[in-house]
Every structure is written in structure tokens, then in C-alpha cells.
Amino acid sequence: MVVPTLKPNRTQSLQPQTYIWLCVCDLNSSGQMTDLLYTEKDLVTSLKDYIKAEENKLEQIKQWADKLDSLTLTATQDPEGFLGHPVNAFKLMKRLNTEWGNLESLVLRDTTDGFISNLTIQRQYFPTDEDQTGAAKALLRLQDTYRLDANTISTGNLPGVKHKSHMTVEDCYELGKIAYTDVDYYHTELWMAQALKQLDEGEESTLDKVTVLDYLSYAIYQQGDLERALEYTKRLLELDPEHQRANGNLKYFQFQLEKQKKAEEDETGTQKERGKRETTEKKKKKPKSVSGHQIPERKKYEMLCRGEGIKLTPRRQSRLFCRYYNNNRNPRLLLAPIKQQDEWDRPYIVRYLDIISDKEIERIKHLAKPRLRRATVHDPQTGKLTTAQYRVSKSAWLTGYDDPMIETINQRIEDLTGLEMDTAEELQVANYGVGGQYEPHFDFGRKDEPDAFKELGTGNRIATWLFYMSDVAAGGATVFPDVGAAVWPQKGTAVFWYNLFASGEGDYSTRHAACPVLVGNKWVSNKWIHERGQEWRRPCGLNETE
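With full-length UniProt numbering, letter number 542 in the sequence shown gets 542, and the count goes up by one each step, no holes.
Now the structure itself:
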């Protein structure tokens, strides 16, 4: 019997084995191994990129530390002088509120727990968004009051500066954005235009022109200048043709301009149809006299702050004198009379020179600094103290219990004025920093404010005594808008005036204001003297305005 030999089907039998072998062979092939090498190389490249990123991060932190080390070294040598420059104060707020936060985010990617922990602890003392906005608004306030253009502020070319500071594109943009948020398109335009100018001049910045032009064109449009808004929109689209909002604005501005042009043409045609009768009638009308035009108080106040509009004529000035004053042979002043000079005639304002020493000033500031709080004003409705936007400063109150020197100063004021100090308010110390001001106000309570000082029980404020405890490089004058008077800070001096006539009636010409500090740091202290206790020291007058 012959058993047939089965010939294997090589194709069928070898297929699975060959398949398994091919898989193993491909995993160990030179081609596949090369791919794996490139994969590993890519991983190494990614690792190096990570290391480089970490090194860049550390380099950024090192550069930031070096820059701040140099800046703080300069600043701490003369803190008040440095912060007296409004741009330095603004940039300090911006650094602490924004840039240190960015640095924190950068460092958080690392394991620098010690620094982060310290930064987190210190952060509670950092300025808030509100503080940064306040510093920005102070710059805008200074810009308006002293009629400064954006470029002057940005380049730091302010009068009397010790520490010149340049604003970056980002700084200008930040000011513009804050104005924009406040729907203040006038200042938005000024500062976005300055940011654009600096970009055009080649300043390096993380901001691009498209972003700035977007804000700038819209701010100009909101002020009604369609042609310029269209011009800047076209410039934006040259840089970014796909900008969706700009493309929409382009069509809208063109449509509005066409509509405006058509309306003007229609108006011109209508006027021609009316004939000459209306024109003749207009010619017959006499122009209104502007001689009696009243300048708004705000404008008068700002003019006086700039040293304009002072109404002291040469004839009136010739009646102002200086003298050695001993207040009717006061025993404490007899051997050492005080230098006194007339500052103004109506109301009568006098200045006392060398009336407070540098040592006393430093002691007062030392006592006041830990107590400084946002300054308050009397609310005429409630009779209580409250903060107000028109008074931007910080103040503290000092008594003789805080230091015997305060009692000595109170006695000095009494000797010179002849007025009782026991019923006067405590010595108020105020610090006006960047943009610090106190807008026009009265020190005394008016007839429509019968409860202004009711809680004190000492009557109305009869007089004001004001020490100047620092010189101010620029700005910071005390001005009286109603009479066109300006009194400039002079360290070591004091000014004095009566708020009430001898009859007890208020002298409305004493309405005054503290101008914004442009450059420098203004320290003052004042004593508000009240009616009670003055009955025999300043007898009532028979005439209401005597």
C-alpha cells in the first residue's frame, strides 16, 4: 500500500511564520532604528528647549532684579524727591500692581518656594488696581491743570525734576486704556497717539501698532472727527487687512461721512433759498458783549495754579510790607521778633518766615507718617467727616499728648495770632503726593451748614494757620480763585488768615484751594482756630464786613 506524500503548500504554511518574522525583523531594521534615533533627537531638542526656556526665565528675572536694584538704590537715597516726580509715582504703582504680578507668574513655573512665599506675604501690601488707576488719573489731572502735552510727560521733561523718567509705549498705552475705561476719549486719544508716536520712532515694545490704532481711531470717532477716525482705520487695515472690527468701522465711517456731506449740501441749499432777509437781520443784531463774561471757577483755579491770572496790581503790591513782628510786645517775642510779610491785602494774608525749624518739621513728619490716612472733609449734611474726590491727600492729627513739641508749636501760634488755642482743632498734618490736591473750598461753615462743627461745640472756624513743611519743585500753590491770589510753598514758613469777619460773618473771599503737586512732595500742617474763647481776644465788630 502506498501512502501518498503530502506536499506542503508553502504559501499557506509559511505565511504566518513569515509574518511574525517580518514584524521582528522590521523592529530591528536599520531604517526603523534610524527613525527611533530621530525621535530621541527630537526629545533631546525638546529637553534643551525646556532648559533654554528655564535659562531665559532666570535671565529675565536676573535682568529685572538688576534693574530694580539700581532703581531702588537711587530712589531710597531721596525717597520724597524720587516720588515727587509724578511719572516715578505712577510707574511704582504700575510695577507693584501689574509687573510684579507678571514676575510672580513667571517664577511660579519654577520651584522657588522661598521667593514665592515671601512675595505672597508682601503682596498684601501692594497697591491695588484702584491705586494704579488713581495714579494714572493723577497724571491726567496734572496734564490738564498745567497744560502739559503727552510727549512732555512721557519724556519726563518736567520743571525742577531730579530723577528724570521716560514712559514706555506700554505706560502710555496703559494711561490711554484707563481713560478709555472712564469713557474719557479726549485723554484716550492723547495717550494712544503718544504710544503710536513712540512705536513709529522705533521703540521696541510687546505692543503692536494695530492694537494702539484700534483704540485711537475709536476714541477720535467718539469725539466726532470722522475723517481722522477713517484715516487711522485705513492705516490699521494696511497693517492687518483681515481685522474684522476695522473693516466694519471702515464701511461705517465712509457711510457716515457720505451722509454728513449730503446733509451739509442740503443745508447749504436751504440757506440759499431763505434769501438775504435772514442774513440782513443777523447783521442788524449787535454782538453780545463779552466784557462781563465770568470765567468758571475751575478755569480760574487752574490758571492760578500755573501762575496766570494773579490780580495783584503794582499799586496794590506797593501797599504790602514786611516787618519784624512781636504782636504788641508779647513777652515771648520781645527779644526775638518774627519776620512777617504781607502776602495779600483782601483778604489779608500774612506769611511768617523761619517760624518752624527743620528739626521740628522732621519730628512732626515722623509722628504723622504711621498715622497718615486718606484726608477727610466735613459733610455739610451730616456734620461728620468723610472722604471726597476733590481732596486727594493723606492726613494725620497730632496733639500735645503725642509729643511736647506739638504743645510748643501751639503756643507759638497763640503768641503770634493772639488767639486761644484750647478750642482750636488738633494740628493736622497733610501730605500731598503725585497729583495731590484740595479743590476750591471754604474752611468755615456757611449759613446753609448750621451743623458743620456742631459736634466740636466750639463755634465756627474763625481763622486758618498753615505751615509749609517742604519746598515744592513745581505746583502745589495755595490759591484763592475769587480774588486771584496765589501763595507758593516755602519750607519753614506759615501763612495765616481770618475766615470770619469780626462780626462773625463768613468772608467768602477766603475760598481757596491746594493746587496739584506737579513735581516734588508737599508737606503741610494746619491749625483751624475756632470762635469759642476769642470773645475778649478778638471783640465783635459793629460792621458786618469789618
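Here a beta-carbon is modelled for each residue, glycine too, at the ideal position from N, C-alpha and C.
**OP:** Could you round the C-beta distance between valine 472 and lysine 522 to whole angstroms and report it? I think they count as a contact, below 8 Å.
**Re:** Here the question's residue 472 lines up with position 472 in the sequence shown. Here the question's residue 522 lines up with position 522 in the sequence shown. Their Cβ separation, rounded to whole angstroms, is 5 Å, which keeps valine 472 and lysine 522 in contact under 8 Å.
Original post:
What's the call for tyrosine 215, buried or exposed, on a 16-neighbour Cβ count within 10 Å?
Top reply: By 1-based counting over the sequence shown, the position of residue 215 is 215. Tyrosine 215 comes out buried.
Subject >> Per-residue burial, histidine 366 [other beta carbons within 10 Å of its own, 16 or more giving buried] >> reply: As a working mapping, residue 366 is identified with position 366 in the sequence shown. Classification of histidine 366: exposed, given that the 10 Å Cβ count is below 16.
**OP:** Measure the alpha-carbon distance for proline 347 versus lysine 261 and round it to whole angstroms.
**Re:** Working through the sequence shown from its first residue, we reach residue 347 at position 347. Working through the sequence shown from its first residue, we reach residue 261 at position 261. Rounded to the nearest angstrom, the two C-alpha atoms are 56 Å apart.
**OP:** Assess, as a yes-or-no matter, whether the region 480 to 500 is touched by the region 345 to 359 under the definition of 3 or more beta carbon pairs within less than 8 Å.
**Re:** yes
Original post:
Is the region 509 to 520 close to the region 534 to 542, with three or more CB pairs under 8 Å?
Top reply: no
**OP:** From the DSSP output, in three-state form, read off cysteine 515 for me.
**Re:** As a working mapping, residue 515 is identified with position 515 in the sequence shown. If DSSP states are grouped into helix, strand and coil, cysteine 515 belongs with coil.
**OP:** For lysine 137, count neighbouring C-beta atoms within 10 Å of its own C-beta (all shown protein chains included) and say buried if the count is 16 or more, exposed if not.
**Re:** To locate residue 137, count along the sequence shown from 1; it is residue 137. That one is buried.
**OP:** Please classify isoleucine 409: is it buried, with 16 or more other beta-carbons within 10 angstroms of its beta-carbon, or exposed?
**Re:** Residue numbering aside, residue 409 sits at position 409 when the sequence shown is read from its first letter. Its Cβ being crowded by 16 or more others within 10 Å, isoleucine 409 is buried.
Subject >> Outcome for threonine 545 when other beta-carbon atoms lying within 10 angstroms are tallied against a minimum of 16 >> reply: Counted from its first residue, the sequence shown places residue 545 at position 545. Threonine 545 should be labelled exposed.
**OP:** Return yes when the Cβ of isoleucine 356 is within less than 8 Å of the Cβ of phenylalanine 467, no when it is not.
**Re:** The residue labelled residue 467 in the question sits at position 467 within the sequence shown. The residue labelled residue 356 in the question sits at position 356 within the sequence shown. Contact: yes.
Original post:
Out of curiosity, what's the CA-to-CA distance linking lysine 52 and glutamate 204?
Top reply: To locate residue 52, count along the sequence shown from 1; it is residue 52. To locate residue 204, count along the sequence shown from 1; it is residue 204. Spanning the two alpha carbons is a distance of roughly 23 Å.
**OP:** Taking all protein chains shown into account, decide if proline 287 is buried (16 or more other Cβ within 10 angstroms of its Cβ) or exposed.
**Re:** Your numbering for residue 287 matches position 287 in the sequence shown. A caution first: proline 287 carries a pLDDT of 45, below 50, which makes its placement in the model unreliable, though a value can still be read off. The residue is exposed, with fewer than 16 neighbouring Cβ atoms inside 10 Å.
Subject >> Proximity of leucine 320 and aspartate 354 at Cβ, strictly below 8 Å >> reply: Position 320 of the sequence shown, counted from the start, is the residue given in the question as residue 320. Position 354 of the sequence shown, counted from the start, is the residue given in the question as residue 354. Their beta carbons are not under 8 Å apart, which means leucine 320 does not touch aspartate 354 by this criterion.
**OP:** Using the Cα positions of serine 70 and tryptophan 528, report the straight-line distance between them to the nearest angstrom.
**Re:** For this step, residue 70 is matched to residue 70 along the sequence shown. For this step, residue 528 is matched to residue 528 along the sequence shown. Distance between the alpha carbons of serine 70 and tryptophan 528 is about 44 Å.
Subject >> Same chain, Cβ closer than 8 Å to leucine 196, neighbours up to 5 away in sequence not counted >> reply: On the sequence shown, residue 196 is found 196 positions in, with the first residue counted as 1. So the list reads Lys209, Val212, Leu213 and Leu216, once near-sequence residues are dropped.
Original post:
Leaving out the 5 sequence neighbours to the left and right, which residues in its chain are closer than 6 Å to valine 483 when beta-carbon positions are compared?
Top reply: Against the sequence shown, residue 483 aligns to sequence position 483. Cβ within range, chain order: Ser509.
Subject >> Coil, strand or helix - aspartate 345 by DSSP >> reply: Counting from 1 along the sequence shown, the entry for residue 345 is found at position 345. Coil, per DSSP.
**OP:** Name the residue from Asn151, Glu80 and Trp536 whose alpha carbon lies nearest to the alpha carbon of methionine 192.
**Re:** Here residue 192 refers to the residue found at position 192 of the sequence shown. With distances taken between Cα atoms, methionine 192 lies closest to Asn151.
Original post:
Going by DSSP, which residues form a beta bridge with cysteine 322?
Top reply: Residue 322 sits at position 322 when you count from the first residue of the sequence shown. Answer by DSSP bridge pairing, in chain order: Gln341.
Original post:
Would you call the CB atoms of glycine 435 and leucine 139 closer than 8 Å?
Top reply: Looking up residue 435 in the sequence shown gives position 435. Looking up residue 139 in the sequence shown gives position 139. Yes, these two residues count as a Cβ contact at 8 Å.
Original post:
Roughly how many angstroms separate the alpha carbons of lysine 491 and lysine 311, rounded to a whole number?
Top reply: Position 491 of the sequence shown, counted from the start, is the residue given in the question as residue 491. Position 311 of the sequence shown, counted from the start, is the residue given in the question as residue 311. Each residue's Cα considered, the two are about 25 Å apart.
Subject >> Among Val524, Gly457 and Arg363, nearest to glutamine 428 - alpha-carbon criterion >> reply: The residue given as residue 428 occupies position 428 in the sequence shown. Among Val524, Gly457 and Arg363, the Cα nearest to that of glutamine 428 is on Val524.
Original post:
For glutamine 124, which of helix, strand or coil comes out of DSSP?
Top reply: For the purposes of this step, residue 124 is taken as residue 124 along the sequence shown, with counting starting at 1. Note: glutamine 124 maps to coil in three-state DSSP.
**OP:** Inspect the CB distances between the region 158 to 170 and the region 77 to 97 and report whether three or more fall short of 8 Å.
**Re:** yes
Original post:
With a Cβ-Cβ cutoff of 8 Å, do threonine 233 and phenylalanine 253 count as a contact?
Top reply: In the sequence shown, the residue the question calls residue 233 occupies position 233. In the sequence shown, the residue the question calls residue 253 occupies position 253. In this structure, phenylalanine 253 lies closer than 8 Å to threonine 233 by Cβ.
Original post:
Rounded to a whole number of angstroms, what is the C-alpha to C-alpha distance between proline 481 and tryptophan 100?
Top reply: Translated into positions along the sequence shown, residue 481 becomes position 481. Translated into positions along the sequence shown, residue 100 becomes position 100. Distance between the alpha carbons of proline 481 and tryptophan 100: 43 Å.
Original post:
How big is the Cα-Cα spacing for residue 589 and isoleucine 61?
Top reply: Since the first and last residues shown for the chain are 1 and 546, residue 589 lies out of range.
Original post:
Ordered along the chain, which non-local residues of its own chain (more than five positions away) have a Cβ less than 7 Å from that of alanine 179?
Top reply: What you label residue 179 is simply residue 179 of the sequence shown in a count that begins at 1. Excluding residues within five positions, the ones whose Cβ falls inside 7 Å are Leu140, His187, Thr188 and Trp191.
Original post:
Measuring CA to CA, which of Ala486, Trp488, Met421 and Ala430 is closest to alanine 463?
Top reply: Taking the first residue of the sequence shown as position 1, residue 463 is located at position 463. Cα-wise, what sits closest to alanine 463 is Met421.
Original post:
Would a C-beta distance cut-off of 8 Å place alanine 396 and alanine 368 closer than the cut-off?
Top reply: As a working mapping, residue 396 is identified with position 396 in the sequence shown. As a working mapping, residue 368 is identified with position 368 in the sequence shown. The answer is yes: Cβ separation under 8 Å.
Original post:
So, are the CB atoms of arginine 363 and methionine 405 less than 8 Å apart?
Top reply: In the sequence shown, counting from the first residue as 1, residue 363 sits at position 363. In the sequence shown, counting from the first residue as 1, residue 405 sits at position 405. Yes. Within cutoff.
**OP:** Assign alanine 65 to one of two classes, buried (16 or more other C-beta atoms within 10 Å of its C-beta) or exposed (fewer than that).
**Re:** Residue mapping note: residue 65 aligns to position 65 of the sequence shown, counting from 1. By the 10 Å Cβ count, alanine 65 comes out exposed.
Subject >> Top-ranked residue by Cα proximity to glutamate 258, from Glu201, Leu230, Gln341 and Glu425 >> reply: Taking the sequence shown and counting its residues from 1, the one referred to as residue 258 is at position 258. Answer by Cα proximity: Leu230.
**OP:** Mind checking who isoleucine 364 pairs with in its DSSP beta bridge?
**Re:** What you label residue 364 is simply residue 364 of the sequence shown in a count that begins at 1. Isoleucine 364 is not bridged to any residue.
Original post:
What number of angstroms, rounded off, separates the C-alpha of methionine 93 from the C-alpha of proline 489?
Top reply: As a first step, residue 93 must be located in the sequence shown, where it is residue number 93. As a first step, residue 489 must be located in the sequence shown, where it is residue number 489. Computed Cα separation, rounded: 26 Å.
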